[in-house]
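Residue numbers (the numbering used here), protein chains in the order written: chain A, 1164 to 1730; chain L, 74 to 162.
Take a look at the structure set out below.
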Amino acid sequence: YQTFDGDLKWDHSEVTYRILNYSPDMESSLIDDAFARAFKVWSDVTPLTFTRLYDGTADIMISFGRADHGDPYPFDGKDGLLAHAYPPGQGIQGDAHFDDDEYWTLGSGPAIQTRYGNAEGALCHFPFLFEGTSYSSCTTEGREDGLPWCATTADYDKDKKYGFCPSELLFTFDGNSNEAPCVFPFVFQGVKYNSCTTDGRSDGYRWCATTANFDTDKKYGFCPNRDTAVIGGNSEGEPCQFPFIFLGQSYTSCTSEGRSDGKLWCGTTSNYDTDKKWGFCPDRGYSLFLVAAHEFGHALGLDHSNVKDALMFPMYKYIEDFSLNQDDIAGIQYLYGPKTGPDPTPPKPKTTTSSPIGPTKPTPSEKTTTVSTTTDVVPSQDACQIKEFDTITEIQKELYFFKNGHYWKISSKGERKGPFLISEKWPALPAIINSAFEDQLTKKIYFFAGKQFWVYTGNDVLGPRKIEKLGLPIDLDRVEGAVQRAKGKVLLFKGENFWRLDVKAQMIDTGYPRLTDSAFGGVPIDSHDVFLYKGFFYFCRESFYWRMNAKKQVDRVGYVKYDLLKC
Amino acid sequence: WCVPLKSVYVTFPGDVIKNMTDIQLADEYLKRYGYIDVLQKSGLQAVVSPSKALKELQRQLGLEETGSLDQPTIDAMKQPRCGVPDIRN
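So this is what it looks like as structure tokens:
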């Protein structure tokens, strides 16, 4: 391994990072996750911690860009140079840039996370069968609204599991429209547009208006790439047009003709010879996780290694089951030392008879309270100082955090608001809530506290009722988690057991309880909170969460405080 | 149909990577990743022979150190990689 001249390194162990923008190739959640996993590669073997910031200046500023992207080292189009990063320091030092003329995936072809449908955000499964035909990409077959979709298992006809693929008709990213879909046609500088455009931009990113008139409303977002879209060329994001004419010949599939580098390309109009519109055909792409882990090595102070199997070797190589090479470990530990002790767990607060917390300040109504960011903070009202919440749940697409008579909420944009008084919004409830969920069908909100539960429909409340009325055991002292499932079913958790509640029948299904460990392997069986958020199951223990995807794989362990509460 | 097609290479509009010869590719690669045109602290450019630069590149990439632009070296130069120079300037 090598370090930079003077052994450049961070002088603090709590390193911050910020993701400035996203690539159209992957869902933002997948990109967030790839970066988080890439940082974890290094935090696993050093005392370093990595905290994501959502604004301001972070130590490591991460961005995607094309060609000339604002520093003296332009990117070079598809392939070749993939990314670069600067060694630790102020300003641009420590920053990592990724070439967006690459096709960013998880390394083995399109990584397409679905939205909506019934697959709870699972990735597309390619190929999949639909009405006897095999599909290797998202399709609009079987739909009249033009929305591309895919199956999330190998056989849609059998499993009926599906979700919608990224498209500008479904959502946009970045911009100022909170992921709203494009509105077509839209007007920009007096001209009508029926599709995403790069007009008005010099960076080649495709955008659209999210209202009918950009000139008046100024609302816009960037268009996600469809999986069938070409990469780079001069038609980024457009689909191949088959057949297309090239030098008088007709082509019905991607070709490398006309190129000395053997790369496959296609025309994006029916005649390349007249229109000259083209792009590269999608391939396996490059693993954003692997490239990011390498670049973050630079951002932490490692230079290139000449050990071929090391992460810091300069050439890209896809590895399915990645583990850090001993050379990389030796390098990073030369700079920062080894990780000491077990994973950090917060100290438990001492029990005292006199509370250090002052009297509760009057809490403004929800309408007027905003994020608590002042330095003069009462600890009980600063969500970021709370080690363990009474309950966390998603209501109306916002994540609610309850603690001791107060609650906070995080919008889908990551904006935190609160504290609010529980008693103002739901006056029938006690101060401490053990669990809550919103019924997806009726939008009724169920609250559990001790051996009782309440059901709120708007401002109307039913309860308290005893939880045994639902068929839960008489000796059950509380419900600690609730996860909504399809068709009016909700899983209720307590310790190592869970039950399935039929919400319509208001009764636990037969065959329960079941062991949490047998159905949800790899999560703590003493989770004090379980909830569903953006299609993932979250199991919380102290200040940590274990996130489980729709395939019941624990795909992430992180901090409630940083990742969910956005502290 | 089995007669080989005579390939015609064209310059694609918007293509950042231009069709270039192996020597042009090597020249650009060696410069970009710091093997030649190394700036000294005095500000003067040190003269590094292409052969020496190639040897250094081959050593870095774990290739046979021939000092000539052989096929394995050309292939290695076409591989995707990180943009941070191997030799610090």
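Every residue gets a Cβ at the ideal spot worked out from N, C-alpha and C, and that includes glycine.
Original post:
Should K1323 of chain A go down as buried or exposed, given a rule of 16 or more other Cβ atoms within 10 Å for buried?
Top reply: Against the first sequence, residue 1323 of chain A aligns to sequence position 160. By the 10 Å Cβ count, K1323 of chain A comes out exposed.
Original post:
Three or more beta-carbon pairs under 8 Å between the stretch 1295-1304 of chain A and the stretch 1347-1366 of chain A, yes or no?
Top reply: no
Subject >> Closer than 8 Å to chain A by CB, G87 of chain L >> reply: Along the second sequence, read from residue 1 onward, the residue named residue 87 of chain L stands at position 14. Yes, contact with chain A.
Original post:
Could one say the Cβ of D159 of chain L lies closer than 8 Å to chain A's Cβ atoms, at least one of them?
Top reply: Residue 159 of chain L sits at position 86 when you count from the first residue of the second sequence. Yes, its Cβ sits closer than 8 Å to a Cβ of chain A.
**OP:** Could you check if L1410 of chain A is buried or exposed, using at least 16 other CB atoms within 10 Å of its CB as the buried criterion?
**Re:** Against the first sequence, residue 1410 of chain A aligns to sequence position 247. It counts as exposed.
Original post:
Count the other CB atoms within 10 Å of the CB of M1189 of chain A; is the residue buried (16 or more) or exposed (fewer)?
Top reply: Working through the first sequence from its first residue, we reach residue 1189 of chain A at position 26. Buried.
Subject >> Sequence-distant residues of the same chain with beta carbon closer than 6 Å to D1136 of chain A, five excluded per side >> reply: Residue 1136 of chain A is absent from the structure shown; chain A starts at 1164 and stops at 1730.
**OP:** Could you tell me the boundaries of the alpha helix (DSSP H) in which Q97 of chain L lies?
**Re:** For this step, residue 97 of chain L is matched to residue 24 along the second sequence. That run of the alpha helix (DSSP H) goes D95 to R105.
Subject >> For W1267 of chain A and G1384 of chain A, believed in contact at Cβ under 8 Å, the rounded distance >> reply: Your numbering for residue 1384 of chain A matches position 221 in the first sequence. Your numbering for residue 1267 of chain A matches position 104 in the first sequence. At roughly 19 Å, the Cβ-Cβ gap does not stay under 8 Å, so G1384 of chain A and W1267 of chain A are not in contact.
**OP:** Mind listing the chain L neighbours of D1242 of chain A? Cutoff is C-beta to C-beta under 7 Å, in chain order.
**Re:** On the first sequence, residue 1242 of chain A is found 79 positions in, with the first residue counted as 1. Going along chain L in sequence order, the residues near D1242 of chain A (Cβ under 7 Å) are P153.
Subject >> Residue(s) in a DSSP beta bridge with A1199 of chain A >> reply: Position 36 of the first sequence, counted from the start, is the residue given in the question as residue 1199 of chain A. According to DSSP, residue pairing for A1199 of chain A in a beta bridge does not occur.
Original post:
Below 8 Å between beta carbons: does that hold for F1351 of chain A and A1375 of chain A?
Top reply: Within the first sequence, residue 1351 of chain A is the residue found at index 188, counting from 1. Within the first sequence, residue 1375 of chain A is the residue found at index 212, counting from 1. Going by beta carbons, F1351 of chain A and A1375 of chain A fall outside the 8 Å limit.
Original post:
Alpha carbon to alpha carbon, how far is W1662 of chain A from G1684 of chain A?
Top reply: Locating residue 1662 of chain A in the first sequence gives position 499, where the first residue counts as 1. Locating residue 1684 of chain A in the first sequence gives position 521, where the first residue counts as 1. Approximately 16 Å, taken between the alpha carbons.
Original post:
Given that a residue counts as buried once 16 or more other Cβ atoms are within 10 Å of its Cβ, and exposed if not, what is T1701 of chain A?
Top reply: Position 538 of the first sequence, counting from 1, holds the residue named residue 1701 of chain A. In the sequence on display, residue 1701 of chain A carries Tyr and not Thr. So Y1701 of chain A counts as buried.
Original post:
To which residues does DSSP link Y1356 of chain A through a beta bridge?
Top reply: Sequence index remark: in the first sequence, residue 1356 of chain A carries index 193 (1-based). DSSP, once it has assigned bridges, lists A:F1349 as partnering Y1356 of chain A.
Original post:
At a CB-CB cut-off below 7 Å, which residues of chain L make contact with L1410 of chain A?
Top reply: For the purposes of this step, residue 1410 of chain A is taken as residue 247 along the first sequence, with counting starting at 1. Within chain L, the residues near L1410 of chain A are V81.
Original post:
Listed from N- to C-terminal order along the chain, which residues in the stretch 1375-1409 of chain A have their beta-carbon within a distance smaller than 7 Å of any beta-carbon of chain L?
Top reply: G1396 and N1397
Original post:
Taking the DSSP output, what are the residues bridged to M1711 of chain A?
Top reply: What you label residue 1711 of chain A is simply residue 548 of the first sequence in a count that begins at 1. In the DSSP output, where bridge partners are listed per residue, M1711 of chain A has A:F1700 and A:V1717.
Original post:
Who are the Cβ neighbours of F1405 of chain A in its own chain at under 8 Å, not counting the five residues just before and after it?
Top reply: Along the first sequence, one-based indexing puts residue 1405 of chain A at 242. Excluding residues within five positions, the ones whose Cβ falls inside 8 Å are Y1414, T1415, S1416 and C1429.
Subject >> At least 3 beta-carbon pairs within less than 8 Å: the stretch 1467-1476 of chain A vs the stretch 1426-1443 of chain A >> reply: no
**OP:** Grab me the residues of P1329 of chain A's own chain with a C-beta within less than 6 Å of its C-beta, minus the 5 sequence neighbours each way, in chain order.
**Re:** If you number the first sequence from 1, residue 1329 of chain A lands on position 166. Within the same chain, P1329 of chain A has close Cβ partners P1387.
**OP:** Please compile the residues from chain A whose C-beta is within a distance smaller than 9 Å of the C-beta of L134 of chain L.
**Re:** Here residue 134 of chain L refers to the residue found at position 61 of the second sequence. Ordered by position in chain A, the residues that pass the 9 Å Cβ test against L134 of chain L are N1469, K1471, F1476, P1477 and M1478.
Original post:
Can the beta-carbon of T1209 of chain A be found less than 8 Å from the beta-carbon of I1495 of chain A?
Top reply: The count along the first sequence starts at 1 and reaches residue 1209 of chain A at position 46. The count along the first sequence starts at 1 and reaches residue 1495 of chain A at position 332. Taking 8 Å as the Cβ cut-off, T1209 of chain A and I1495 of chain A qualify as a contacting pair.
Subject >> Spatial neighbours of N1184 of chain A in its chain, beta-carbon cut-off 6 Å, leaving aside the 5 residues before and after >> reply: By one-based count along the first sequence, residue 1184 of chain A stands at place 21. Contacts found: S1226, F1227 and D1337.
Original post:
Under 8 Å, do G1651 of chain A and L1695 of chain A count as touching if we go by C-beta distance?
Top reply: Against the first sequence, residue 1651 of chain A aligns to sequence position 488. Against the first sequence, residue 1695 of chain A aligns to sequence position 532. Contact flag unset, no.
Original post:
Hey, which unbroken runs of the beta strand (DSSP E) at 3 residues or more fall wholly within the stretch 1353-1418 of chain A?
Top reply: 1354-1356, 1370-1372, 1383-1385, 1407-1409 and 1412-1414
Subject >> Under the three-state DSSP convention, the category D1539 of chain A falls into >> reply: Taking the first sequence and counting its residues from 1, the one referred to as residue 1539 of chain A is at position 376. Per-residue confidence for D1539 of chain A stands at a pLDDT of 35, beneath the threshold of 50, marking its modelled position as unreliable; the derived number appears in the next sentence. Looking at D1539 of chain A - three-state DSSP - the assignment turns out to be coil, as it is neither helix nor strand.
Original post:
Taking the alpha-carbon positions, what's the K1629 of chain A to D1692 of chain A distance?
Top reply: Here the question's residue 1629 of chain A lines up with position 466 in the first sequence. Here the question's residue 1692 of chain A lines up with position 529 in the first sequence. For K1629 of chain A and D1692 of chain A, the distance between alpha carbons rounds to 20 Å.
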